[in-house]
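Before any comments, here is the structure.
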Amino acid sequence: MTARRPFRSPLPSAPSRLVPAALALAVLLSAAAPAVGGVECDRTKRYTLGKQNGPYMIMVAAISPLRGGNKTGLTPSAAADQVCYELREQGIPAYVYDVPTETQSLSTVSRDGEERERLMATMRGGVCVLAGNFKSADDQVTQSCLTAIKTKAKCPTLEPVAADGGYTRTRGGGFFQRTQGHTGSPLSRAFVTVNPLLDAEQVRQLRKIRDPLLTALNAGEEYSLHRCPGKYSVVVKEFRGKTLTQVSGTETEDIGDRVAVSDDLNDGGRDAWELCQILRNREGHEAYVWHDRYRSVVTVGSFDSAQDPAAIRVARQFAAQPDPTSGVPEPTIVAVPKGETDVRLAKRFWLLDAVPYAMPVPNM
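Going by mature numbering (1 follows the signal peptide of the UniProt record, and there is no 0), the letters in the sequence shown line up with residues -35 to -1, 1 to 329, in that order.
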């Protein structure tokens, strides 16, 4: 008989209480299709993810095989099914998804609506568990359900039972690497994502901007990110701010003529506009700017995918570089005048983000 391969779970921590009834009700009310008689949980069935699910969902667990050695515990497929059943028994519609062998890009959405691309470099046999059917990524129902799943949902299969070196063994026979100081639930790393079975055009339609404020903030920008011809651009700098103020003028000759923009921009929005102008007019980069409710970003380049080799090169070009003496990564500096490395002598300067990332181009 062939030994079963145990699974490795990346989701740490301690057991937690049962999810409240309000959570299951919220998930059901947000479902794309109505549920009849509650959420089905038949352990003779396999609840496989379909294109009709979502479109937004919560990534609960990503389970992959261990590399040799240990021959105990559940297979990734069996472990994923167990997690799926445990969630369904609590009224949470959950599904299993067999991830393709090749590296796959997964769109994730933070609480403030920020989208990023995560790479899932999986081994053969990797399986994910996704839950919920949400129409929006950032509405109150979706975020409330995410919080409840991360902090209150019970998942015995992933509960830790013993330490084993630098890893923690789960009740289902898997392992996850221990994180110092982490005491969350087994599902504490859950996040909002898009149904991975949706094709590029379906995802693009989901990203269509329908917020009048975002349209107003970006419509007048000459180099607004939504005008980028590609599907992705690399974020090199984020500016965040809360207070809207009147935009002031500038005496910096490198910035060039002012373009028509919204009358109300926060300080971060103004800085983003100026940096974009310098990257374009002085440095010769294909730079764009984007404003939303919480931040303004400056991006560089136009790419068809987040894994485009050219996008990766741009990210590396603008990323923090190790100091020749100390080896400590130092952020890239864009300064006025050009070439000034001492920020105390610069008229204007920006420290770019240490780790640039690919951002989907907004669809307006």
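For each residue, glycine too, the CB sits at the ideal point set by N, CA and C.
For Gly233 and Leu310, the gap between their C-alpha atoms comes out near 22 Å. Closest option to Pro30, judged by alpha-carbon separation, among Asp273, Arg245, Asp164 and Ala44: Ala44.
Bridge pairing for Ala26: Val94 [DSSP]. With contact defined as three or more Cβ pairs closer than 8 Å, the region 187 to 196 and the region 244 to 256 are in contact. Residue range Pro177 to Asn183 is occupied by the alpha helix (DSSP H) that includes Leu179, with no beta strand (DSSP E) assigned at that position.
Within the region 239 to 317, the complete alpha helix (DSSP H) segments of 4 residues or longer fall at 274 to 283, listed in chain order.
Counting every other CB atom within 10 Å of its CB across the protein chains shown gives Ser150 a total of 16 or more, marking it as buried. Remark: C-beta atoms of Gly91 and Ala27 approach each other more closely than 9 Å. Relative to Tyr50, the option among Ala271, Gln167 and Asp7 whose CA is nearest is Asp7. Under the DSSP assignment, Ala43 falls outside any beta strand (DSSP E), being part of the alpha helix (DSSP H) whose first and last residues are Pro41 to Arg53. The alpha-carbon separation between Thr116 and Asp46 amounts to approximately 21 Å. Distance from the Cα of Phe204 is smallest, within the candidate group Leu317, Pro287 and Gln55, for Leu317. When secondary structure is reduced to three states using DSSP, Thr112 falls in the helix class. Beta-bridge pairing by DSSP links Ala59 to Ala96. For Glu203, the enclosing beta strand (DSSP E) starts and ends at Tyr197 to Arg205. Selection Ser198, Ala165, Pro41 and Pro177 evaluated against Ile277 yields Ser198 as nearest (Cα-Cα). Residue pairing by DSSP puts Ala323 in a beta bridge opposite Val199. Inter-residue distance for Arg281 and Gly56 is about 44 Å (C-alpha atoms, whole angstroms).
For Val157, the enclosing beta strand (DSSP E) has its first and last residue at Phe156 to Val159. Taking 9 Å as the cut-off, the Cβ atoms of Thr107 and Gly97 count as close. Ser270 and Phe283 have their C-alpha atoms spaced approximately 18 Å apart. Taking the Cα positions, Tyr60 is about 27 Å away from Met324.
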